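Engineer: One structure coming up, written as structure tokens, with questions to follow.
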Amino acid sequence: MRWLMIVLIVLLSWLQYRLWLGTGSLEELYSLKTQLAEYQTELKRLEARNRALAAEVDDLKVGYAAIEERARFELGMIKHGELFLQLVEQPAQPHSAVPQLSPPIAP
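What the sequence shown shows, in my numbering, is residues 387 to 493, in sequence order.
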């Protein structure tokens with residue numbers, strides 16, 4: 387009877403070790419669940435990106451408005467007869483009491 391108790395205690399100890407620390411333990415299970423949640427979040431982000439890209443591809447295949455928009459904003463193209471105006475801001479001048487003037491040009 388004594389040997390049976392020792393064998394059962396050893397068996398119970400071994401099972402507890404596997405449950406808490408061994409392969410397939412609760413810690414590993416928690417780690418895998420966390421990793422799965424991260425992968426699902428990344429998958430949702432990538433699926434949304436793929437849907438947006440597919441919609442853009444369909445728009446480019448079907449209509450000319452998207453092509454025209456890209457040509458205007460990315461390539462700087464304009465239609466025939468349009469006037470292109472570009473406003474350039476001057477850099478900020480340092481604050482001084484006397485404005486800096488360029489010397490006059492001799493005739």
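Just so it is clear, CB atoms sit at the ideal spot from N, CA and C, and this is done for glycine as well. All values reported here derive from a predicted model rather than from experimental measurement.
Give me the Cβ distance between W406 and L412, rounded to the nearest whole Å; I'm assuming they're in contact under 8 angstroms.
Structural biologist: The pair is a contact, with the Cβ atoms about 6 angstroms apart (cut-off 8 angstroms).
Engineer: In whole angstroms, what is the alpha-carbon distance linking F470 and E455?
Structural biologist: Approximately 15 angstroms, taken between the alpha carbons.
Engineer: Could you have a look at S494 and say whether DSSP puts it in helix, strand or coil?
Structural biologist: Past the boundaries of the shown model lies residue 494; the chain is included only from 387 to 493, so the question cannot be answered.
Engineer: Can you tell me whether M391 is helix, strand or coil according to DSSP?
Structural biologist: M391 falls in the helix class under three-state DSSP.
Engineer: Excluding five sequence neighbours on each side, which residues of the same chain lie with their C-beta closer than 8 angstroms to the C-beta of E424?
Structural biologist: Here the set comprises nothing.
Engineer: Hey, could you find the ends of the alpha helix (DSSP H) F329 is sitting in?
Structural biologist: Here the chain comprises residues numbered 387 to 493, so residue 329 is not present and cannot be evaluated.
Engineer: Where does Q476 sit, in a helix, a strand or coil, going by DSSP?
Structural biologist: Correct three-state label for Q476: coil.
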